[in-house]
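Residue numbers (our numbering): 2 to 115.
Written out as structure tokens, the structure is:
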């Protein structure tokens, strides 16, 4: 796994493929063999364990998640696992409902948000 030591929390990252192979969880958002290094993940450092990082998938499927959020609001259900954001002048959804903890060494390809 790559050791990317030069990133800051709040960076967009790609997760190394060997992490997904090791974890072997079909519910994690992966590249799906497209070769485009997707999805992007947003990194948040854990408040209590400094070597743990929470990795939050970032989706560009605005209309899909707008519909999901609207349905949840209409059904009076919580929708705080989905957060519409603007990063690098592009809208997206942070999928907090799909976030997972990991260590820094699994990050591959750092894109700092400026």
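Positions of the beta carbon are idealized from the N, C-alpha and C atoms, including for glycine.
Query	Result
DSSP three-state assignment for residue 105, whether helix, strand or coil	helix
Presumed contact (8 Å Cβ cut-off) between residue 41 and residue 59, rounded CB distance	5 Å
Which of helix, strand or coil DSSP assigns to residue 43	strand
Bounding residues of the beta strand (DSSP E) (the contiguous stretch that carries residue 59)	54-60
Residue 80 versus residue 14 - alpha carbon distance	25 Å
Residue 66, enclosing beta strand (DSSP E) - first and last residue	Premise fails: residue 66 lies in the alpha helix (DSSP H), 63-75, not in any beta strand (DSSP E).
Of the residues 91, 46 and 74, the one placed nearest residue 57, counting alpha carbons only	46
Limits of the unbroken alpha helix (DSSP H) element including residue 29	Counting along the chain, residue 29 falls outside any alpha helix (DSSP H), and DSSP gives it neither H nor E.
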